[in-house]
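In our numbering, the protein residues as written are 6 to 365.
A quick write-up on the structure given underneath.
As structure tokens, then:
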């Protein structure tokens, strides 16, 4: 039997997130020198590759530990765009990648991180979601090697002070969720009931889910009537959606915190002839979400300009090899595009070409 955890309280480990993390704008205000560094780096990412200007003494050793075993293609595209940009930059490298299930294979991830340290890795690309991840990360930050790139997080951890990772890279969860919140508020005339489907307990669910709830609560009369954790698992999302519909037939929308969750909701709504009657969103705008948008099964998504994250990591590696680490910002936060049901085919294709410029 699939286990779904009902959310009883929103005050879990990340409840005081604003005390633990700098939001992007806050960080830049407290670190004004980062503003020009970030602006210049954004220009580098959006421009064509310029080959490495120094001769490498040895191959760069890179280890990538990603929660990539899910329907969302973000992680696969991240790897593809990262490698293709490295190749365009004429950087000689080795890459060992490990793909795990999101938020639940902590022991496997710990083994992989320990192995990366033993192997004298130059760059380690990891993420921060489950609370135990921070323990691994702090051990790595206490060492000179490997240099740490944190993926899918754009909010520096306050307690790490000046001992921050080499780079935070991703697409800001709060910004994306705010776009979706404003859509739902307008679409529902600011009133009615709704439900939320989280991923796993942790950073991403807080930033995408609880911050969404907080924004909706502060800016509308909409009422949250139910919420579940689904571990970013489609089957668990299907079961949760069925339970929501059994208990709350009047919900105006179900907020989905990821691609896998959204596709689970879509499947249930379709089987119950509720497509279009109960709204549902995607999160990230990968291929499967865009197909659902084109079929009118999904109402809206926030589409990441996906490949920019891989390009940003490659360009940061290049700057480090050129002894220009001072040009690497603490945070690279990529752009979103809003994609709604009924979008013009030509416009959607333009967005795909832009977002997936390396990972087509």
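The C-beta atom is built at its ideal place from N, Cα and C for all residues, glycine as well.
Sub-8 Å separation of residue i and residue j beta-carbons
| i | j | result |
| --- | --- | --- |
| residue 257 | residue 199 | yes |
| residue 185 | residue 286 | yes |
| residue 173 | residue 335 | yes |
| residue 267 | residue 226 | no |
| residue 202 | residue 270 | yes |
| residue 28 | residue 327 | no |
| residue 213 | residue 288 | yes |
| residue 150 | residue 125 | yes |
| residue 181 | residue 341 | yes |
| residue 67 | residue 142 | no |
| residue 65 | residue 128 | yes |
| residue 359 | residue 298 | no |
Spatial distance of residue i from residue j (CA atoms)
| i | j | result |
| --- | --- | --- |
| residue 154 | residue 196 | 41 Å |
| residue 261 | residue 218 | 12 Å |
| residue 43 | residue 35 | 14 Å |
| residue 208 | residue 178 | 10 Å |
| residue 31 | residue 163 | 11 Å |
| residue 139 | residue 71 | 15 Å |
| residue 221 | residue 121 | 42 Å |
| residue 112 | residue 211 | 22 Å |
| residue 54 | residue 279 | 47 Å |
| residue 24 | residue 170 | 19 Å |
| residue 183 | residue 61 | 44 Å |
| residue 117 | residue 193 | 46 Å |
| residue 277 | residue 355 | 34 Å |
| residue 362 | residue 307 | 18 Å |
| residue 166 | residue 26 | 11 Å |
| residue 92 | residue 69 | 17 Å |
| residue 119 | residue 63 | 22 Å |
| residue 343 | residue 123 | 43 Å |
| residue 357 | residue 275 | 26 Å |
| residue 102 | residue 315 | 14 Å |
| residue 37 | residue 284 | 41 Å |
| residue 259 | residue 147 | 42 Å |
| residue 319 | residue 206 | 30 Å |
Nonlocal neighbours in the same chain, by C-beta distance under 6 Å from residue i, ignoring five residues either side
| i | result |
| --- | --- |
| residue 176 | 309, 339 |
| residue 337 | 174, 317 |
| residue 145 | 153 |
| residue 364 | 82, 85, 86, 312 |
| residue 188 | 305 |
| residue 132 | 156, 157 |
| residue 33 | 39, 40 |
| residue 255 | 198 |
| residue 296 | none |
Own chain residues within Cβ distance below 7 Å of residue i, not counting five before or after
| i | result |
| --- | --- |
| residue 231 | 200, 249, 252, 253 |
| residue 264 | 76, 77, 287, 288, 289, 291, 293, 294 |
| residue 7 | Low confidence applies here, because residue 7 scores a pLDDT of 40, under 50, leaving its location unreliable; read the following figure in that light. Contacts found: 240, 241, 244. |
| residue 247 | 273 |
| residue 115 | 141 |
Any non-hydrogen atom of the ligand GTP within 7 Å of residue i CB
| i | result |
| --- | --- |
| residue 181 | Within the structure as shown, the ligand GTP is missing, as the structure has no ligands at all. |
Own chain partners of residue i with C-beta closer than 8 Å, once the 5 adjacent residues on each side are dropped
| i | result |
| --- | --- |
| residue 190 | 221, 224, 225, 227 |
| residue 333 | 42, 46, 171, 172, 321, 324, 325 |
| residue 12 | In this predicted model, residue 12 has a pLDDT of only 39, less than 50, meaning its place in the structure is not dependable; the value taken from the coordinates is given anyway. Hits under 8 Å: 201, 203, 232, 233, 234. |
Are three or more beta carbon pairs between the segment 298 to 315 and the segment 58 to 77 nearer than 8 Å?
no
Does the pairing of the segment 47 to 56 with the segment 224 to 242 give three or more beta-carbon distances under 8 Å?
no
As an exercise, report each continuous alpha helix (DSSP H) stretch of at least 4 residues that is fully enclosed by the segment 140 to 192, in chain order.
178 to 192
Complete alpha helix (DSSP H) runs within the segment 293 to 334 (minimum length 4 residues, chain order)
313 to 326
For the 8 Å Cβ check, are there 3 or more pairs between the segment 87 to 105 and the segment 144 to 160?
Taking 8 Å as the limit for Cβ pairs, the verdict is that the segment 144 to 160 does not touch the segment 87 to 105.
Hey, which unbroken runs of the alpha helix (DSSP H) at 4 residues or more fall wholly within the segment 43 to 96?
Every alpha helix (DSSP H) stretch that sits fully inside the segment 43 to 96 and reaches 4 residues is listed by chain position as 79 to 93.
Give a yes or no on contact between the segment 81 to 92 and the segment 341 to 353, applying the rule of three or more CB pairs nearer than 8 Å.
no
Which runs of the beta strand (DSSP E) fall wholly inside the segment 194 to 237 and span at least 3 residues, in chain order?
As far as the segment 194 to 237 is concerned, its whole beta strand (DSSP E) runs of at least 3 residues are 198 to 203, 228 to 234.
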